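Note sheet for the following structure.
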Amino acid sequence: MTLSLGSLLSSVQAQMDAIPYLPFGLQVFGALSLATAISGTLSFVFSNFVRPGISLKKFGASKGAWAVVTGASDGIGREFAIQLARAGFNVLLAARNQAKLDAVVADIGSFSLRS
Numbered sequence: 001m002t003l004s005l006g007s008l009l010s011s012v013q014a015q016m017d018a019i020p021y022l023p024f025g026l027q028v029f030g031a032l033s034l035a036t037a038i039s040g041t042l043s044f045v046f047s048n049f050v051r052p053g054i055s056l057k058k059f060g061a062s063k064g065a066w067a068v069v070t071g072a073s074d075g076i077g078r079e080f081a082i083q084l085a086r087a088g089f090n091v092l093l094a095a096r097n098q099a100k101l102d103a104v105v106a107d108i109g110s111f112s113l114r115s
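Heads up, the sequence shown is in the UniProt record's numbering, so the first residue is 1 and it goes up one at a time.
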């Protein structure tokens, strides 16, 4: 039994005419699915790019508190150490590469803090 596209579409149309609320139900389902996707995307953007970070003052920033940063010579550890120093923490740095570590210490030294 071979069905042409025209007969298939007419069969689908007949089924949809037999159930009058089906197109409306599919529209509602599509709208809810779209709203869920948009909500998830907006939530991701807000939580990762818009919302301000946590205040480090409650952890003792600018009060002589110390922070220990491992892997501070490169990458995320380096940036984390610099951000903590800018926030007012004294930082204790640990790394495997002494030359890179000295460069980070020089960068942090510009904030007039101990490292």
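Here a beta-carbon is modelled for each residue, glycine too, at the ideal position from N, C-alpha and C.
Here the structure is a predicted model, which is why all the values come from computation and not from measurement.
Asked	Found
Please work out which residues of its chain come closer than 7 angstroms, Cβ to Cβ, to Val45, disregarding the five sequence neighbours upstream and downstream, and give them in chain order.	none
Leaving out five residues on either side along the sequence, give the residues of the same chain with a beta carbon under 7 angstroms from the beta carbon of Asn97.	Ser73
Closer than 6 angstroms by C-beta to Phe80: which residues in its own chain qualify, once you throw out the five before and the five after it? Chain order, please.	Val69
Would you grab the beta carbon distance between Ala106 and Phe89 for me? Rounded to a whole angstrom, and I think it's under 8 angstroms.	Going by Cβ atoms, the distance from Ala106 to Phe89 rounds to 17 angstroms, so no, they are not a contact pair.
Using 10 angstroms around the beta-carbon of Ile108, count the other beta-carbons present and answer buried if the total reaches 16, otherwise exposed.	buried
DSSP state of Ala31, grouped into three classes?	helix
Where does Ala65 sit, in a helix, a strand or coil, going by DSSP?	coil
Buried or exposed for Ala99, please, with buried defined as at least 16 other CB atoms from any protein chain shown within 10 angstroms of its CB.	exposed
Quick check: Leu56 and Ala87, are their CB atoms within less than 8 angstroms of each other?	yes
Taking the CB atoms as reference points, tell me whether Leu92 and Val104 lie closer together than 8 angstroms.	no
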